[in-house]
Amino acid sequence: MASLPVKDLPIIELFGPHRNYSNGLRLESAVEPDKLVQTHCCFCGMQCGIQLKVKDNQVIGFEPWEEFPFNQGMLCPKGVKRYLQGAHPDRLLKAYQRDPAAPAGFRALPYDEAIQRVAQEIERIQSTYGPDSFAVFGGASLTTEKAYLLGKFARMGLKTCNIDYNGRLCMVSAAAANKKAFGIDRAANPWADILKAEVIWIAGANIAECFPILTNYLWQARENGAKIIVVDPRITPIARTCDLFLPIKPGRDIALFNGILHLMIEKDWLDHDFIDTHTVGFAALAEHVKEWTPRRCAEVTGITEAAIRKAAQWWGSAKSSFLMHARGIEHHTHGVQNCLGAINIVLASGRIGREGCGYATITGQGNGQGGREHGQKCDQLPGGRDIENPEHRAHVAKVWGITPEELPRAGVDVYEVFRRIDRGEVRGLLNICFNPLVSLPDSGFIKRMLERLQFFVTIDFFMSETARHADIVLPGSLHEEDEGIVASAEGRVIKINAAVDCPGDARQDWRIIQDIARALGREKGLTFANPREIFEELRRASAGGIADYSGITYEKIEKQMGVFWPCPSDDHPGTPRLFEAGSSNPIAKGKGRFYFPDGKARFNVAPYTPPAEDVDDEFPVILTTGRVVSQYLSGTQTRRIGPLVDQYPEPLIEIHPQLASRHGIKDGEWVRIEGRRGICTLRARIVTTIRPDTIFVPYHWGGGKSINQVTIAAQDPISKIPEYKVCAVRILNQYGPPANAQGLEPQQ
Amino acid sequence: MFLLDQNEFFIDPARCIGCQACVQACSECDTHKGHAMIHLEYVDRGQSTQTVPVVCMHCESPTCAEVCPADAIKKTEDGVVQSARKPRCVACNNCVLACPFGVPKMITDFELMMKCDLCYDRTSAGKKPMCATVCPSGALFYGPRPEIDQLRPRSKPMNQFQFGRQTITTKVHMMAPTGPVKAQYLDVTEVMNENGPRQRIALDILSNLYASEDGV
Ligand code: SF4
Ligand code: SF4
Ligand code: SF4
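Below is the structure:
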């Protein structure tokens with residue numbers, strides 16, 4: 093029974109989201125803290141170093157950590173105010189049970205009783221419908237230890253194949269493309285290489301708002317003479333002063349990359365030596381892009397021919413460069429192809445594996461990189477291993493002390509798990525670090541599927557929109573209440589340090605997972621005493637794999653301010669830059685720099701296909717979605733931090749004045765967005781900084797404010813990433829607020 | 017406690033991305049906990065994402081102090097213009113209206129003018145101000161002159177501003193792009209004129225998406 097126990101208003105009243113502001117000790121001047129804890133911000137893949145000020149077991153503020161090399165004290169507003177997530181009035185201090193008779197729909201119960209209930213339901217569902225009928229969802233904001241443990245719990249404890257994670261909505265297109273082209277899934281270069289690049293190509297990445305700290309790297313590169321090319325349907329704050337802005341029509345990125353490659357071949361802006369020695373597949377690709385003339389490229393992308401030629405010239409004739417992309421090209425039904433297109437123009441230039449010659453996807457979540465390496469992904473085992481590869485299965489089974497036959501096979505992606513719920517194949521769900529009701533597309537379907545579950549348990553520190561549907565909510569830990577490692581977007585493994593203890597009945601997530609295993613009588617292999625013990629096993633499990641952590645220790649991380657993986661032995665310093673001349677890896681075994689048996693990178697033909705739902709007469713406007721700088725993901729944390737809510741309280745629809753005037757819409761008025769799956773009514777922000785055929789809405793809000801009521805669940809066939817960045821809608825002037833605007837605060 | 021070290025404050029609005037890390041961090045500083053003193057505004061969000069951060073410029077002859085009838089605003093020997101002194105400030109708003117940069121803020125709860133004091137608790141103890149430490153774009157920078165000269169070859173620090181007939185010299189510097197025109201000072205009123213001769217900013221480039229052949 094995973095429907096809402098009562099209407100959502102009373103739940104919101106008790107559990108929030110409410111806004112927390114500084115008060116008490118946090119507002120007093122000259123308070124001498126008990127300690128300063130060096131750790132990292134939890135709110136994006138930059139993983140800025142920060143020092144938390146702790147007094148009386150409470151984080152009361154922060155002090156910049158200027159010695160940490162990546163950000164040198166810099167932070168975005170989320171990092172500055174992150175401390176306000178602690179000691180929050182909405183914090184779950186007890187376990188809760190769904191109870192329609194309770195005023196807010198939930199009744200507190202003793203922690204052990206809640207764990208017993210969870211174990212009984214797992215047992216009941218699995219013994220009635222089979223092991224795969226119980227699914228597990230994780231998230232990429234968990235530490236790597238927790239992600240590892242969750243994978244082990246699902247496969248060894250629950251013996252279910254159905255485990256996947258919210259990274260599915262994030263980096264999987266880039267991950268798949270990186271594996272196809274390079275044989276390894278990691279940013280190829282440390283960010284410091286940006287500073288040495290002559291041309292910087294930014295595709296579908298709102299750096300200023302999603303990866304703010306990289307801004308200084310970009311501007312510094314420009315002081316050194318770099319030219320910056322930005323490809324985006326919006327003039328983002330970085331695009332505002334870039335050297336060349338390509339206002340692409342959403343969903344057409346691969347056409348642009350093919351068009352650029354066409355010109356690189358025509359003008360012979362190629363590194364023939366590199367292509368011959370270090371790659372395969374160029375001839376077939378060259379044949380394919382013949383048809384991508386500048387004219388055709390311009391027609392499809394909506395960018396002028398002149399601008400395409402200029403971009404190709406800058407890129408083609410550069411001596412050093414850095415290409416980076418993010419969700420803008422990845423959130424598509426052809427997201428993998430888009431990323432392959434980007435990689436193709438990098439490989440053709442030969443500018444990779446050297447100082448100042450780089451390529452990277454910019455992961456968005458706190459542990460977006462590390463959270464996808466060690467086994468919470470449906471097809472993957474620790475060390476970046478493949479769950480369908482017999483050798484890989486044997487290695488991990490040995491570390492876990494089981495036979496390879498006992499390991500479940502590959503499962504399916506999170507969205508497909510929801511479809512399995514629809515088909516009655518999955519009946520129960522354990523969820524942690526994920527708010528699918530806000531973050532998945534076509535959220536009406538997600539809500540109906542949650543309602544179909546026989547049993548739903550979620551581990552969370554706040555009552556998220558998804559948690560409101562749970563039968564049992566277990567009080568988990570905040571980032572600052574536990575320790576462990578994460579890998580930042582540049583592949584730097586760093587250490588999160590605990591600053592305070594868990595309050596009330598809340599406890600560290602890894603304890604909760606192990607408590608469930610014990611209550612099930614399936615605690616074998618799940619009896620770790622602390623994160624360090626988990627990490628020590630993870631090191632062994634990853635040894636010899638591509639994501640090799642075996643030479644990393646907590647001490648080495650502290651001493652070196654992070655260790656870039658792979659790091660295969662105790663005396664290895666780590667690998668900041670991949671694919672360097674003379675480098676070796678466990679797949680190529682000395683044959684070359686790339687992670688394939690012949691050591692060569694792969695060019696991939698990347699054919700253009702239009703978005704799954706293109707505009708038509710009925711739905712003539714392109715809807716695209718993204719983030720704002722003051723919010724993180726589904727907002728479970730950041731919609732509870734007062735100053736961040738005040739900075740950007742509610743989602744606004746960005747509309748170009750031409751489109752707005754056609755519909756008689758004025759700035760600040762209510763506008764209804766209608767699509768095939770749902771509607772969403774929000775206020776307009778009329779700006780000339782967006783293409784006139786496109787509207788933009790940020791996605792951090794729930795309920796009636798969630799744009800994911802409208803987005804499409806079409807997915808990339810390889811990566812299974814949903815197409816958040818394009819669907820077809822129409823817009824109407826609404827003349828007045830929608831019903832859901834009443835009685836709710838902006839963040840609710 | 018007197019001479020601040022060799023560090024100086026530099027503002028480069030061209031770098032600003034409007035993230036408001038400075039605003040959020042300013043309110044974390046001990047001398048004005050809970051109140052952000054920095055100003056951060058869009059120039060015209062309808063037209064551009066351009067934002068401009070303004071900290072107190074710490075003028076050599078501070079207009080705010082000159083117009084204060086209660087003599088509440090003091091410049092310390094290190095050149096920092098402090099918030100109004102609580103016992104003296106009569107909350108008349110003269111300073112708020114007179115400051116050419118629009119810096120002082122009237123905190124009505126306290127009936128007191130407060131302003132950016134360069135995070136006096138931090139800078140007087142050798143630390144950087146909050147905003148210039150966290151700013152992720154380098155739009156706000158605090159450090160020694162040789163460092164900024166080396167880091168920013170494309171611009172030059174300026175600290176003279178012309179407001180009509182008033183010339184103001186400040187402790188805080190603005191980075192002005194180096195280029196063919198070598199200005200000796202920034203003429204603020206000229207830039208405020210909509211058709212000012214140096215206003216060659218190309219706005220609204222997406223409206224002509226389909227018409228223009230040069231999308232650059
Ligand atoms: S959200 Fe990201 S950029 Fe902002 S402070 Fe945190 S880690 Fe740094
Ligand atoms: S922190 Fe820096 S980039 Fe962000 S708004 Fe302030 S001045 Fe601008
Ligand atoms: S120097 Fe300090 S007081 Fe002044 S604007 Fe910056 S953070 Fe605020």
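For the protein sequence lines, the chains are A and B, in the order given. Residue 93 is where the first sequence starts when you use my numbering, and the numbers rise one by one after that. Residue 17 is where the second sequence starts when you use my numbering, and the numbers rise one by one after that. Quick reminder that beta carbons are idealized off the backbone N, C-alpha and C, glycines included.
Rounded C-alpha distance that separates residue i from residue j
i                 : j                 : result
Tyr188 of chain A : Asp706 of chain A : 44 Å
Cys38 of chain B  : Lys170 of chain A : 11 Å
Gln139 of chain A : Ser580 of chain A : 6 Å
Asn832 of chain A : Gly796 of chain A : 6 Å
Ala30 of chain B  : Arg419 of chain A : 26 Å
Tyr201 of chain B : Phe117 of chain B : 15 Å
Asp285 of chain A : Gln801 of chain A : 40 Å
Leu744 of chain A : Asp663 of chain A : 52 Å
Glu397 of chain A : Cys389 of chain A : 8 Å
Pro838 of chain A : Asp738 of chain A : 9 Å
Gln150 of chain A : Asp690 of chain A : 54 Å
Thr234 of chain B : Phe179 of chain B : Since the first and last residues shown for chain B are 17 and 232, residue 234 of chain B lies out of range.
Thr803 of chain A : Val549 of chain A : 26 Å
Met129 of chain B : Val97 of chain B  : 12 Å
Arg515 of chain A : Ala776 of chain A : 39 Å
Ala122 of chain A : Asp46 of chain B  : 6 Å
Phe510 of chain A : Gly520 of chain A : 11 Å
Gly596 of chain A : Phe788 of chain A : 41 Å
Tyr827 of chain A : Arg754 of chain A : 15 Å
Ala114 of chain B : Ile142 of chain A : 39 Å
According to DSSP, residues forming a beta bridge with residue i
i                 : result
Gly850 of chain A : Absent from the model: residue 850 of chain A. The displayed extent of chain A is 93 to 840, so no value can be given.
Val713 of chain A : A:Val821
Glu290 of chain A : The partner list for Glu290 of chain A (beta bridge, DSSP) is empty, contrary to what the question assumes.
Val737 of chain A : According to DSSP, Val737 of chain A bridges with nothing at all.
Ser171 of chain B : B:Pro193
Ile747 of chain A : A:Ile778
Proximal chain B residues relative to residue i, where beta-carbon distance stays under 7 Å
i                 : result
Met166 of chain A : Val150, Cys151, Pro152
Trp311 of chain A : Arg31, Ser153, Gly154
Partners in chain B for residue i, counting only beta-carbon separations shorter than 9 Å
i                 : result
Ile679 of chain A : The contacting residues do not exist; Ile679 of chain A stays about 37 Å from chain B at best.
Ile327 of chain A : Ser64, Thr65, Ile221, Leu222
Asn308 of chain A : Arg31, Cys151, Pro152, Ser153, Gly154
Ala639 of chain A : Result: empty, since nearest Cβ-Cβ is about 29 Å, beyond 9 Å.
Chain-ordered neighbours of residue i on chain A, where CB pairs are closer than 8 Å
i                 : result
Thr124 of chain B : Correct list: empty, because the minimum Cβ distance to chain A is about 18 Å.
Glu44 of chain B  : Gly153, Phe154, Val172
Gln36 of chain B  : Pro169, Val721, Ser722, Gln739
Neighbourhood of residue i by C-beta distance below 6 Å, restricted to the same chain and skipping five residues each side
i                 : result
Leu868 of chain A : Here chain A has residues from 93 to 840 only, and residue 868 of chain A is not among them.
Met17 of chain B  : Annotation note: pLDDT 37 at Met17 of chain B (below 50); position unreliable, no value reported.
Ala806 of chain A : Thr425, Ala704, Glu815
Ala673 of chain A : none
Contacts that residue i makes with chain B (C-beta to C-beta distance below 8 Å)
i                 : result
His748 of chain A : Leu222, Ser223
Leu119 of chain A : Lys49, Gly50
Own chain, CB closer than 8 Å to residue i, minus 5 neighbours either side, in chain order
i                 : result
Asp640 of chain A : Gly475, Ser634, Trp657, Pro658, Cys659, Pro660, Pro678
Ser171 of chain B : Asp28, Ala30, Met191, Ala192, Pro193, Thr194
Tyr646 of chain A : Ile577, Lys587, Arg624, Phe627
Leu630 of chain A : Thr236, Glu237, Tyr240, His466, Pro474, Tyr641
Within chain A, the residues that residue i reaches when beta carbons sit closer than 9 Å
i                : result
Gln98 of chain B : Those do not exist, as Gln98 of chain B stays about 15 Å from chain A at its closest Cβ, beyond 9 Å.
Listed by chain order, chain A residues near residue i by CB distance under 7 Å
i                : result
Gln40 of chain B : Pro169, Val172, Lys173, Pro735
Neighbourhood of residue i by C-beta distance below 7 Å, restricted to the same chain and skipping five residues each side
i                 : result
Asp759 of chain A : Ala776, Arg777, Ile778
Gly165 of chain A : Pro156, Trp157, Glu158
Residue i CB to nearest heavy atom of ligand 5 below 6 Å
i                 : result
Cys132 of chain B : Looking for ligand 5 in the displayed structure turns up nothing; the ligands present are ligand 1, ligand 2 and ligand 3.
task = Closer than 7 Å, Cβ to Cβ, to anything on chain A: give me those residues from the region 157-186 of chain B, in chain order.
result = For the region 157-186 of chain B, which is checked against every Cβ of chain A, the residues closer than 7 Å are Leu167, Arg168, Pro169, Arg170.
query = Got a sec: which bits of the region 142-160 of chain A sit with their beta carbon under 8 Å from any beta carbon on chain B, in order along the chain?
reply = For the region 142-160 of chain A, the set of positions with a beta-carbon nearer than 8 Å to some beta-carbon of chain B reads Gly153, Phe154, Pro156, Glu158 in chain order.
request  = Below 7 Å between beta carbons is the criterion; list the residues of the region 725-744 of chain A that meet it against any residue of chain B, in chain order.
outcome  = Cβ contacts with chain B come from Pro735, Gln739.
key: Cβ-based contacts, 7 Å cut-off: residues of the region 62-83 of chain B near chain A   = Correct list: Gly62, Gln63, Ser64, Thr65, Gln66.
task = Can you give me, in chain order, the residues of the region 750-784 of chain A that have a beta carbon less than 9 Å from any beta carbon in chain B?
result = Answer set for the region 750-784 of chain A: Gln750, Asp759, Arg777, Ile778, Val779, Thr780, Thr781, Ile782, Arg783, Pro784.
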